[in-house]
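K.L.:
Here you go, one structure.
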């Protein structure tokens, strides 16, 4: 019955089905089988927080195609000519015999499936808390469709008043937001508390000052965040239902606890088969996504990638990368020679009306890699100020002083943040310098941006720093300086109207609107440290140059202005 | 009194003030003067259509800074330390004496201003119709603030029922849209008719099939478009007010006629001074934006740029480029060595809820340049289909078959089109291949895109064509083929629900949902030409592979599906 090459794929979420579908399109003769230990194949796990919150109203939306066809084994058979075995767990790979031993999760039935080419797409699994409390009722990870369904049911039942989320990473924050604005639940959304062991939220994604800006927005939306807080224990009631979370900083009552403390790659099957595991702990693959056995490919959350900035292996979990892996593997299964170049760790998430993103290295990572780091923070509008509904955003750029190459970026704002994020991701992919970025021919019309896009401003600010023209200080450094030194004078160069509407969060403020600074600069002392600020730091930079022109030497502006001030 | 270098700048719109401000920030000693023949300095002419339509409510918004400060000579003096002379026209440059002869537009007073470094930023002027009718009342270009004010007043007066716009370029289309949804006018918005001499709208920006898609949207919004229509005459009434537009295709009654037939660079001053004019008819400059006289810089709409794809001179008008020119010139005026690399002709405009954009070469331009062109048209959603409010968009990519390098792109849709446009612009700036684009690490989360961004799909479709896997046909070619041949069978592989909701615009349709195609393919004839389509062409591509697998040879899919079908 076998009319061609036998392709066996372990894992039915993202990489697996994509590789299978691609291989089928290129090779009509292959016999392709996907084995998946769960009940579903090819679903959208990234939508889980939004199903929990009710923003995605139907469970089926997560498993259906865009036109409402359910992706089940019958669909894969009819449309793709691919066999899918659900509830089937791979337990052992025999590389010599080229067989995978499987067991049915329901019946326990064992089978050995032969292969010519094998794909390992076993994904990752959520980390769990290192103590017993996870077995209490109303304690869950946020990982599987089953998790999603149960959590959603609890919200709909209306008995959840207080949710504690342990871990302020991507999934924790997305879920916090989704629950706080939950739809179609009987009562108002529950209180949400997020606990994080590290000093800042989203610590793997964001540098402290950007992280703190996001935290400020979460607080405005009544999500309670506690950092530097180590969970010791989950305490249950007499019915075995969680009652509170015990931490080193106090106790947090809860009737639903969600554990989102990261994930770890599923490598046991590969490791047992003697395949090479990389330094990150995930499966090592070459640029063709082959493991150390050339007949075995691997992709998705179980493998490590090359970071395009450092050229070194890195471990990220990402559904989009998993899909792109799938296509590369599918092509290569069909005899092609497609290459997966690597990743930037590009990440985006939604926090109410704000979008938050990162691509490339954080400042911390860049320093750890030994780059001579220079950064800048800039605020601006996403489109022309005179066209309705211009919305603000903040960009932090991280660059290498020696080569002027951009290394990474972080963005936050209500404006079209994801546009700039993708634009920067492409710039990073091609090793662009800040000088190149400053002259990218981006699309301009008033409904879409300003004549100088905020990204141009961000790149130019960094160039002004690199070239020694701009003297500035980041919000974090400014804040700690203000705490240590009490003789610093802050110079506010906004208009009176802005000043009255949005009073400064500082003491020791000299208020001189930019238009009066040339005339009134003699009112400022030349021997004191001056920190200038405005709303987004464009005017403060101009003011710095004016004051230097007037002979002031101890003068700097605060990067990103009040828009980027998180304190 | 002269304390430093004398910098004189002719032109006060975009390049001029930007160059002046930049030079001032870097050089506190320079004496900087801007001369401007009009009444205003540093205003936002790109906002004019939206002021006419009332989307920008106040005239002042076009001349004010983001915080409401009017950019007038007093502002430039106080904030920038820059002298601005309004109503002052430069009439002659004496390069030997290093003087510019000027005349006051109001008083006729003549002065000669000395310079060490000169900047020519004289911009462009609108083309006019080659006959007398332009002097009739209620006939206007859409160019100056004065034009804007008068047109807006006429709309507010309520006597305008029928507007005819001559020329379907960028400004014509933006103005048509702004007027059709005019705000704060006494009556309902006037009827708008757009006349275009060429066969397609936006002919300089879009290829025919994308242009026709935009035209379809304009029609849905009740803008009447007539292409291949040559205007012969404007006819006035007894009061000298325009009454109708006489064309070779009939007459169009009008009580307001707007002439938007392109623009031409203002080079007379430079030409008279013996500066080199480029082959495009605009002022030639080097990468530092110096003219053939190293003490004279030029930038903005009066100069030609290098097209980054062809490496050849090209002429574009663009306010964003003008601003970037200004910064480069400002740096160089202050002794720097900044470089302007060139442009891609990136353009974006809004048509009601649609965004339309182009970057790089059109297919026509690419063919004219001798590239071995390959294109693809793809439709998709701007974000995950299961997250609320996913909106469609269409991408056309143009690439070079030999090098697989992307040459250009055109986009249209209600989704986040400008994001993909800027992303592609950066890819073009760095000479990316479609293979690189297919693996760009773009930001993924359900509110922002699908796991494979529509841009990934677009690049992959082109790769599938380049590699011989995909056999497809563009909408334009398909349409003309269907007109010529009556034995073609169209295969609709959508669901029954889609088919009923949105019946096909074709005859000879065989309806076989994708899920049944493997089983039912024997119902299709193998000797006939088959054209497969779906909504966005993802399923049609899969269907093409299935039918090929089943032994069909004369089978192709229609690129972009019904979403991109303009006919």
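Chains as they are written, first to last, in the numbering used here: chain X, 1 to 567; chain P, 1001 to 1567.
Cβ coordinates follow ideal geometry from the N, Cα and C atoms, glycine included.
No experiment lies behind these values; they were computed from the predicted model shown.
1. Within the chosen definition, does the segment 14 to 27 of chain X reach the segment 296 to 311 of chain X through at least 3 CB pairs nearer than 8 Å?
2. Could you compute how far the alpha carbon of residue 11 of chain X sits from the alpha carbon of residue 1050 of chain P?
3. I'd like to know if residue 1002 of chain P contacts chain X, where contact means its C-beta is closer than 7 Å to some C-beta of that chain.
4. In the structure shown, what three-state DSSP assignment does residue 251 of chain X receive?
5. For a quick check, are the C-beta atoms of residue 448 of chain X and residue 1106 of chain P less than 7 Å apart?
6. Between the segment 117 to 136 of chain X and the segment 149 to 159 of chain X, do three or more beta carbon pairs fall short of 8 Å?
7. Does the beta-carbon distance from residue 1421 of chain P to residue 1359 of chain P come in below 7 Å?
8. Please go through the same chain and pick out, in chain order, the residues whose beta-carbon is closer than 6 Å to the beta-carbon of residue 91 of chain X, but skip the five residues on each side of it.
9. Does chain P have any CB closer than 7 Å to the CB of residue 309 of chain X?
10. Would you say residue 422 of chain X faces chain P, with C-beta separation under 7 Å as the test?
11. Using the C-alpha atoms, what's the distance from residue 470 of chain X back to residue 1466 of chain P?
12. Can you name, in chain order, every residue of its own chain whose Cβ lies under 7 Å from the Cβ of residue 1351 of chain P, other than the five neighbours on each side?
13. Taking just the CA atoms, how far does residue 138 of chain X sit from residue 225 of chain X?
14. Thinking just about the alpha-carbon of each residue, which of P:1255, P:1036, P:1302 and P:1288 is nearest to the one in residue 1282 of chain P?
15. What's the C-alpha gap between residue 1328 of chain P and residue 460 of chain X?
16. May I ask you to verify whether the segment 384 to 391 of chain X touches the segment 362 to 370 of chain X, counting CB pairs closer than 8 Å and requiring at least 3?
17. I'd like the ranges of any beta strand (DSSP E) spanning at least 3 consecutive residues and lying wholly in the segment 1455 to 1491 of chain P.
18. Using a Cβ cut-off of 9 Å, pull out every chain X residue sitting near residue 1452 of chain P, in sequence order please.
19. Does DSSP put residue 1319 of chain P in a helix, in a strand, or in coil?
20. Check the DSSP bridge columns for residue 166 of chain X and list the partner residues they point to.
21. Please report the straight-line C-alpha distance between residue 1001 of chain P and residue 538 of chain X, rounded to a whole angstrom.
22. Please classify residue 337 of chain X as buried or exposed, where buried requires at least 16 neighbouring CB atoms within 10 angstroms.
23. Does residue 1439 of chain P have its Cβ less than 7 Å from a Cβ in chain X?
24. By a C-beta neighbour count over all protein chains shown, 10 Å radius and 16 as the cutoff for buried, is residue 436 of chain X buried or exposed?
25. Over the uninterrupted alpha helix (DSSP H) stretch that includes residue 208 of chain X, give me the two end residues.
26. Would you mind stating whether residue 14 of chain X and residue 262 of chain X have Cβ atoms separated by less than 7 Å?
27. Starting from the beta carbon of residue 1075 of chain P, find every residue of chain X whose beta carbon is closer than 8 Å, and list them in chain order.
28. Is the Cβ-Cβ distance between residue 1526 of chain P and residue 1489 of chain P less than 7 Å?
29. To the nearest angstrom, how far is it from the Cα of residue 1280 of chain P to the Cα of residue 1241 of chain P?
30. Would a check of beta-carbon distances place residue 408 of chain X closer than 7 Å to chain P?
31. Could you please tell me which residues of the segment 1351 to 1362 of chain P, in chain order, have their CB closer than 8 Å to any CB of chain X?
32. What are the residues of the segment 492 to 519 of chain X that lie near chain P, defined by any Cβ-Cβ distance shorter than 9 Å?
33. If you follow the beta strand (DSSP E) that residue 1530 of chain P is part of, which residue opens it and which one closes it?
34. Who are the Cβ neighbours of residue 1445 of chain P in its own chain at under 8 Å, not counting the five residues just before and after it?
35. Can you pull out the residues from the segment 1030 to 1058 of chain P whose beta carbon lies closer than 8 Å to at least one beta carbon of chain X?
P.N.:
Taking the coordinates as given:
1. The segment 14 to 27 of chain X, when compared against the segment 296 to 311 of chain X, does touch it at the 8 Å Cβ threshold.
2. Cα to Cα, the separation comes out at about 53 Å.
3. Caution is warranted here: a pLDDT of 41 is assigned to residue 1002 of chain P, below 50, making its placement in the model unreliable, and the coordinate value is therefore given only provisionally. Answer no: the Cβ-Cβ gap between residue 1002 of chain P and chain X never drops below 7 Å.
4. Look at residue 251 of chain X here: in three-state DSSP terms it is strand.
5. Contact: no.
6. Here the segment 117 to 136 of chain X does not lie against the segment 149 to 159 of chain X, with fewer than 3 beta-carbon pairs under 8 Å apart.
7. Going by C-beta atoms, residue 1421 of chain P is nearer than 7 Å to residue 1359 of chain P.
8. Here the set comprises 101 and 103.
9. Closer than 7 Å: no.
10. So yes, residue 422 of chain X belongs to the interface.
11. As the crow flies, the alpha-carbon of residue 1466 of chain P is around 48 Å from that of residue 470 of chain X.
12. Short of 7 Å from the beta carbon of residue 1351 of chain P, and not among the five residues preceding or following it, lie these beta carbons of its own chain, in chain order: 1173, 1177, 1214, 1217 and 1218.
13. Going by the C-alpha atoms only, they are around 20 Å apart.
14. For residue 1282 of chain P, the closest of P:1255, P:1036, P:1302 and P:1288 by C-alpha to C-alpha distance is P:1302.
15. Going by C-alpha positions, residue 1328 of chain P is about 11 Å away from residue 460 of chain X.
16. Inter-segment contact for the segment 384 to 391 of chain X and the segment 362 to 370 of chain X is absent: fewer than three beta-carbon pairs are separated by less than 8 Å.
17. If we require 3 residues or more, the segment 1455 to 1491 of chain P turns out to have no beta strand (DSSP E) run fully inside it.
18. Neighbours of residue 1452 of chain P on chain X, chain order: 18, 320, 323, 324 and 327.
19. In this structure, residue 1319 of chain P counts as helix in the three-state DSSP scheme.
20. Residue pairing by DSSP places residue 166 of chain X opposite X:195 and X:259 in a beta bridge.
21. Because residue 1001 of chain P carries a pLDDT of 36, less than 50, the predicted location of this residue cannot be relied on, and the following value inherits that uncertainty. Roughly 30 Å between the two C-alpha positions.
22. Label assigned to residue 337 of chain X: exposed.
23. Residue-level contact by beta carbon holds for residue 1439 of chain P and chain X, with a gap shorter than 7 Å.
24. Buried, by the Cβ-count rule.
25. Looking at the DSSP string, the run of the alpha helix (DSSP H) that includes residue 208 of chain X is 208 to 220.
26. No, they are not a contact pair.
27. Those are 515, listed as they occur along chain X.
28. Contact flag unset, no.
29. Distance between the alpha carbons of residue 1280 of chain P and residue 1241 of chain P: 37 Å.
30. Taking Cβ atoms only, chain P never reaches closer than 7 Å to residue 408 of chain X, which makes this a no.
31. Within the segment 1351 to 1362 of chain P, the qualifying residues are 1355, 1357 and 1359.
32. Within the segment 492 to 519 of chain X, the residues whose Cβ lies closer than 9 Å to some Cβ of chain P are 494, 495, 497, 498, 513, 514, 515, 516, 517, 518 and 519, listed in chain order.
33. Element bounds for residue 1530 of chain P: 1530 to 1533.
34. Residues of the same chain with a CB within less than 8 Å of the CB of residue 1445 of chain P, apart from the 5 flanking positions on each side, do not exist.
35. So the close ones are 1044, 1046, 1047, 1050, 1055 and 1056.
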